[in-house]
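Let me begin by presenting the structure, written as structure tokens, before commenting on it.
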Amino acid sequence: MPELPEVEVVRAGLEPAVTGATVSSVTVFDERSLRRHNGPSEDFSYRLEGAGFTGASRRGKFLWLPMTGGAEALVVHLGMSGQVLLRDRETDDRLTRIRLDIHHPVHGDLRLNFVDQRIFGSMSINDYVDTVDVEGQRVPRQVAHIARDPLDPYFDDARFFGQLARRNTGIKRALLDQGLISGVGNIYADEALWAAKIHYDQPAATLSKARAKTLLAEVRLVLGKALAEGGTSFDAQYVNVNGASGYFSHSLNAYGQQGRECPRCGRLIVRETFMNRGSHFCAFCQRLRLV
DNA sequence: CCCAGACCCTGTAGGC
DNA sequence: TGCCTACAGGGTCTGG
6 MPELPEVEVV
16 RAGLEPAVTG
26 ATVSSVTVFD
36 ERSLRRHNGP
46 SEDFSYRLEG
56 AGFTGASRRG
66 KFLWLPMTGG
76 AEALVVHLGM
86 SGQVLLRDRE
96 TDDRLTRIRL
106 DIHHPVHGDL
116 RLNFVDQRIF
126 GSMSINDYVD
136 TVDVEGQRVP
146 RQVAHIARDP
156 LDPYFDDARF
166 FGQLARRNTG
176 IKRALLDQGL
186 ISGVGNIYAD
196 EALWAAKIHY
206 DQPAATLSKA
216 RAKTLLAEVR
226 LVLGKALAEG
236 GTSFDAQYVN
246 VNGASGYFSH
256 SLNAYGQQGR
266 ECPRCGRLIV
276 RETFMNRGSH
286 FCAFCQRLRL
296 V
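Using our numbering, the letters of the first sequence map in sequence onto residues 6 to 296.
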């Protein structure tokens with residue numbers, strides 16, 4: 006998916022519609038979208054129907070709607086192709102895997118369609134655990150192993166640098182490790198590495214503290230900028246809750262730009278396969294540095 | 001523990 | 001037109 010900016014756009018779009026709303030009915034069209042729910046689909050529906058939502062929260066690429074009573078939340082992960090579309094009660098969407106009809110005291114009858122082509126995403130009902138680093142803060146159990154994202158005020162920069170210094174793996178692999186830093190995916194990893202002039206396979210531990218700081222700053226910059234532009238969409242697959250696309254694809258410097266000129270030096274951006282994905286970079290600006 | 005790779009899925013685009 | 005391949009923004013599990 007959807008990386009941090011796109012998930013945040015969805016969260017922000019859902020918040021006013023779900024806060025204070027109650028669930029009228031649940032329809033599960035494809036049980037595979039409940040892979041991460043601990044129990045059968047009947048259990049999922051039973052827990053939701055009649056329950057209310059009290060808000061919309063996020064950590065990294067995980068999204069959840071806290072439920073009334075405070076003991077459970079509806080956890081949503083969009084995977085590679087998931088969407089949550091906010092509709093009226095008459096609207097259906099192709100590839101809807103789960104449908105939630107809800108009622109909001111102000112906005113009336115609404116429908117949430119969880120659409121997911123590849124079914125890497127999921128919905129589930131989850132209980133909470135305390136966070137290990139901030140007293141009084143809880144997250145759904147399923148999210149507990151996910152690190153804070155770099156826009157989270159409690160993100161610990163020093164701890165992140167310390168962990169990088171102990172990793173021998175390539176820096177991009179580390180950036181994509183959601184247990185280290187969350188919310189960064191393939192697009193924004195490539196963009197931040199391009200901006201910081203770092204090769205994707207540079208061993209994390211060989212980065213100087215200064216370059217690591219630059220990289221984290223660029224990660225924050227690119228995530229923030231994408232968020233301001235409503236996220237990145239190349240097609241109708243990545244949209245906000247109203248089905249509209251973001252504009253950040255116009256601002257990409259490296260991702261998907263193979264064969265085009267590097268905006269900094271004019272040489273061609275190349276694409277290499279890495280981790281079953283593409284890595285896009287400028288081989289001149291972003292060179293492996295031997296230590 | 002760390003690390004690399006395989007795997008989970010479907011739909012679409014492009015080459016032949 | 002149809003067939004085939006490559007490709008897609010993620011997470012998790014396993015074996016070394």
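Where a beta carbon is used, it is the ideal one built from N, C-alpha and C, also for glycine.
Exercise for review: Run the CB neighbour count on Val134, radius 10 Å, all protein chains shown included, and call it buried at 16 or more, exposed below.
Suggested key: exposed
**Study point:** N- and C-terminal bounds of the beta strand (DSSP E) containing Tyr133
**Key:** 127–135
Practice item. From the DSSP output, read off the bridge partner residues of Val89. Key: Phe119
Exercise for review: For Arg102, count neighbouring C-beta atoms within 10 Å of its own C-beta (all shown protein chains included) and say buried if the count is 16 or more, exposed if not.
Suggested key: buried
Review point. Cα separation between Arg40 and Val12?
Key: 20 Å
Check your understanding: If you drop the 5 nearest sequence neighbours on each side, which residues of the same chain put their C-beta closer than 7 Å to that of Phe67?
Key -> Val80, His82, Val148, Ile151
Check your understanding: Whose CA, out of Arg64, Arg116, Ser254, Phe289, lies closest to the CA of Gln142?
Key -> Arg64
Review point. If you follow the alpha helix (DSSP H) that Phe289 is part of, which residue opens it and which one closes it?
Key: Looking at the DSSP string, Phe289 is not in any alpha helix (DSSP H), and its letter there is neither H nor E.
**Study point:** Buried versus exposed call for Tyr159 [16 or more other C-beta atoms within 10 Å across all chains shown]
**Key:** exposed
Practice item. Identify every residue that forms a DSSP beta bridge with Ile107. Key: Val28, Leu115
Point to revise | 4-residue-minimum alpha helix (DSSP H) runs that sit fully inside the stretch 197–274, ordered along the chain | key: 214–233
**Study point:** Closest residue to His198 among Gly188, Gly55, Thr211, Leu220 (Cα-Cα distance)
**Key:** In the sequence as displayed, the identity of residue 198 is Leu instead of His. Answer by Cα proximity: Leu220.
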